[in-house]
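Asker: From first to last, the protein sequence lines are chains A and B.
When the letters of the first sequence are read in order and numbered with our numbering, they come out as residues 9 to 285.
When the letters of the second sequence are read in order and numbered with our numbering, they come out as residues -4 to 294.
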Amino acid sequence: MEIAIVSGKGGTGKTSLAVSLAQTLEDVQLIDADVDEPNCSIFLDMDTEHKANAEIPVPVINYDLCTLCGICSANCEYNALMRVPDQILLFDKMCHGCGLCSKICPENAITETPRTIGKILQGEKGNLLFNYGKMDVGEELSTPIISQLKQHISKERKIVIIDAPPGSACPMVETIADVDYVIVVGEPTPFGLSDMKIVIETLRILNMKFGIVINKDGIGDKEMEQFCIDEKIPILLKIPFSLEIARNYSKGVPFIKILPEMAAKFESMLAKIKEEI
Amino acid sequence: MNEGDIRQVTVISGKGGTGKSTIIASIAACLKDKAILADADVDAADLYLLFEPEQSEGFDFYGLRKAKINQELCTECGICLETCRFEAISKDFEVIQTRCEGCAACHHLCPISAIDMLDNVSGKYFISDTRIGKLVHAKLHPGEESSGLLVAEVRKVAKQTAENQNRDLVLIDGSPGIGCPVISSLVGVDMAIIVTEPTLSGYHDLDRILQLLEQFKIPGYIVINRYDINEEIAQKIESDFENTFPIVTKIPYNPIFVQAMIEKKSVLEVETEDKDVLQIKKMIIELSNFILKKLKLDD
């Protein structure tokens, strides 16, 4: 069973929940797909090792064959290629690796070479298998890293928990593609609710099954709860707000260590999720 | 005001939820006679919630075009399926809109030209009148691809608006992370304010966003929000980064930030006698003046 944890707004507690679940449940693989800012490893006392480079293919021009006709640069939708009098310039960070240029070059003068944009790391401790992706600073495209990271999803593990990037744009959509269920972690504040609504709109377009976890319950107002009731969206769990949890979080201690009674609630949450799937 | 004279400041954070938007809202309220506010967090834009636009003008935003297969012509030869590297074509030869990155490879390679590239409205942007002046904000359509392009559009429109309104500053609220929309919110700005929090995650993410600022050679100034949640880490942020990225202010944890949000106000606009809140308001005014001074707009 693959479960993705998303949020819309950043800082609502996706990572805390993902790590707490991973440390409580049996036979889990945890995947940190927030490749811009992967933070799960901070909460896990675990050594990780380099597993693979995340790469995208970029064009290489063979000037023995190139006639500078400019078909490649004229047709690149990302403006990653530019023809100047004596060569074709490549702006490699703009290249999405679609391969169009190499396929339409009439002289077959373009081949492709992989360019590293991040890495995939892995660790294992006790019962927990952990993978994460990390984008190199200065790179723009996280989506290909996420899709390569997801190739490391284990088929043997009973539960795979995927910590998604914030927002509702393409990196989030890539993360939740093909998962069985999505947990939306919301912070009950006006900003938290507004961002949650956008994520829910996206999940509905994608026909995903989802439920809500309200984190930092008590910090704001009751609008989020009311919204879930009105929209008939299941509230899977509420995690209270406390400064003690916040202080422990700051040191890398997930809330499950402060609220061990949550473990039982996780079990009933999972039972609810299984029912829905 | 000449567009070339307009200064731009982006507020970023690396980690989400550090208080970026609440802090820029207060700065914007403080500088309402000088600045235009641009919400460039296009897939989670929230500032309009605080400033409740009295009037809004909306415009469609066209992102990259997307492929459409003409089912009447399609012979299901499968070349497009093989060509597409984004798995955006389903087995029954429909383009999956949320996966199509608009590269047009299928369009060029379809042997019978059955695939067209169609204009695609990937979001909407707005120029709104609010009590603090003009706010430029946007909404990316769910699951869309072109967030970096929409950020660039929001910035362009905000700059034009500043010019028309005779303002010399654009305040830009950025997205979390370090990728495409963040880079798009930083290109060519005069200064970045980084709002961080003293947590191990906050520290880790701050380190990465500062590396990005170094690559782009953008001067950055750090605000440590909720510094008293963990004074030890706050101290470490100061000692590790102070030399290259000065710490401008340290704001204590206070429930007023959420309370003000519920009242649809920036913290600066909250009327109070509470000493701690007054102190926070003072810090925000000082921070706003600091930005003006650094940009030589403090005439």
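Beta carbons: idealized from backbone N, C-alpha and C, even for Gly.
I'd like to check one pair, aspartate 200(B) with glycine 73(B): are the Cβ atoms closer than 9 Å?
Answerer: Not in contact: glycine 73(B) and aspartate 200(B) (Cβ atoms no closer than 9 Å).
Asker: In whole angstroms, give me the CA-to-CA distance for proline 247(B) and cysteine 79(B).
Answerer: In a straight line, the C-alpha of proline 247(B) is about 51 Å away from that of cysteine 79(B).
Asker: Taking C-alpha atoms, which residue in Tyr86(A), Pro67(A) and Thr20(A) lies nearest to glycine 228(A)?
Answerer: Out of Tyr86(A), Pro67(A) and Thr20(A), Thr20(A) has the C-alpha closest to the C-alpha of glycine 228(A).
Asker: Please work out which residues of its chain come closer than 6 Å, Cβ to Cβ, to aspartate 35(A), disregarding the five sequence neighbours upstream and downstream, and give them in chain order.
Answerer: Excluding sequence neighbours, aspartate 35(A) sits near Arg165 and Lys166.
Asker: Could you give the distance in angstroms between the alpha-carbon of serine 276(A) and the alpha-carbon of glutamate 182(A)?
Answerer: Their backbone Cα atoms lie some 28 Å apart in a straight line.
Asker: Look up glycine 118(B) in the DSSP assignment and say whether it is helix, strand or coil.
Answerer: Reduced to three states, the DSSP call for glycine 118(B) is strand.
Asker: If distances are taken between C-alpha atoms only, which option among Phe81(B), Val146(B) and Ala100(B) comes closest to tyrosine 57(B)?
Answerer: The shortest C-alpha separation from tyrosine 57(B) is found at Val146(B).
Asker: Going along chain A in order, which residues have a C-beta closer than 8 Å to the C-beta of valine 253(B)?
Answerer: By Cβ distance, chain A contributes Thr197, Ile227 and Gly228.
Asker: So, is isoleucine 107(B) buried or exposed, given that buried needs 16 or more other C-beta atoms within 10 angstroms?
Answerer: Under this definition isoleucine 107(B) is an exposed residue.
Asker: Going straight from the alpha carbon of glutamine 130(A) to that of lysine 59(A), what length do you get?
Answerer: Those two C-alpha atoms are separated by around 6 Å.
Asker: Can you give me the Cβ contacts of alanine 40(B) inside the same chain, cut-off strictly under 7 Å, excluding the 5 residues immediately before and after it?
Answerer: Only Asp34, His132, Ala133 and Lys134 meet the Cβ criterion.
Asker: Run through DSSP, which three-state label would arginine 91(A) get?
Answerer: Correct three-state label for arginine 91(A): strand.
Asker: Give the DSSP-derived three-state secondary structure of leucine 38(A) in the structure shown.
Answerer: It is a strand residue.
Asker: Specify whether the segment 132 to 152 of chain A and the segment 9 to 27 of chain A touch according to this definition: at least 3 beta carbon pairs, one from each stretch, less than 8 Å apart.
Answerer: Contact fails: fewer than three Cβ-Cβ distances are below 8 Å.
Asker: Could you tell me the distance, in whole angstroms, from the CA atom of threonine 327(A) to the CA atom of proline 179(A)?
Answerer: Not covered by the structure: residue 327(A). The range shown for chain A is 9 to 285.
Asker: For a minimum of 3 consecutive residues, which ranges assigned as the beta strand (DSSP E) are wholly contained in the segment 90 to 116 of chain B?
Answerer: Taking only runs of at least 3 residues, the beta strand (DSSP E) segments lying wholly in the segment 90 to 116 of chain B are 110 to 113.
Asker: Determine the closest residue to leucine 273(B) out of Val262(B), Leu282(B) and Ser283(B), with distance taken between C-alpha atoms.
Answerer: Considering only alpha carbons, the answer is Val262(B).
Asker: Just the C-alpha distance for asparagine 66(A) and leucine 59(B), rounded to the nearest angstrom, thanks.
Answerer: Note on residue identity: the sequence assigns valine, not asparagine, to residue 66(A). So the two alpha carbons sit approximately 20 Å from each other.
Asker: I'd like to know if valine 37(B) contacts chain A, where contact means its C-beta is closer than 9 Å to some C-beta of that chain.
Answerer: Output row for valine 37(B): interface = yes.
Asker: Please classify arginine 212(A) as buried or exposed, where buried requires at least 16 other C-beta atoms within 10 Å of its C-beta.
Answerer: It counts as exposed.
Asker: Here's the rule I'm using: 16 or more other beta-carbon atoms within 10 Å means buried, otherwise exposed. How should serine 16(B) be labelled?
Answerer: Label assigned to serine 16(B): buried.
Asker: Relative to the C-alpha of isoleucine 50(A), which residue among Thr23(A), Ile69(A) and Leu33(A) is closest?
Answerer: Comparing Cα-Cα distances from isoleucine 50(A) to each of Thr23(A), Ile69(A) and Leu33(A), the minimum goes to Thr23(A).
Asker: What first and last residue would you give for the beta strand (DSSP E) that runs through glutamine 130(A)?
Answerer: Its beta strand (DSSP E) spans residues 118 to 133.
Asker: Consult DSSP for valine 253(B) and reduce its assignment to one of helix, strand or coil.
Answerer: Valine 253(B) falls in the helix class under three-state DSSP.
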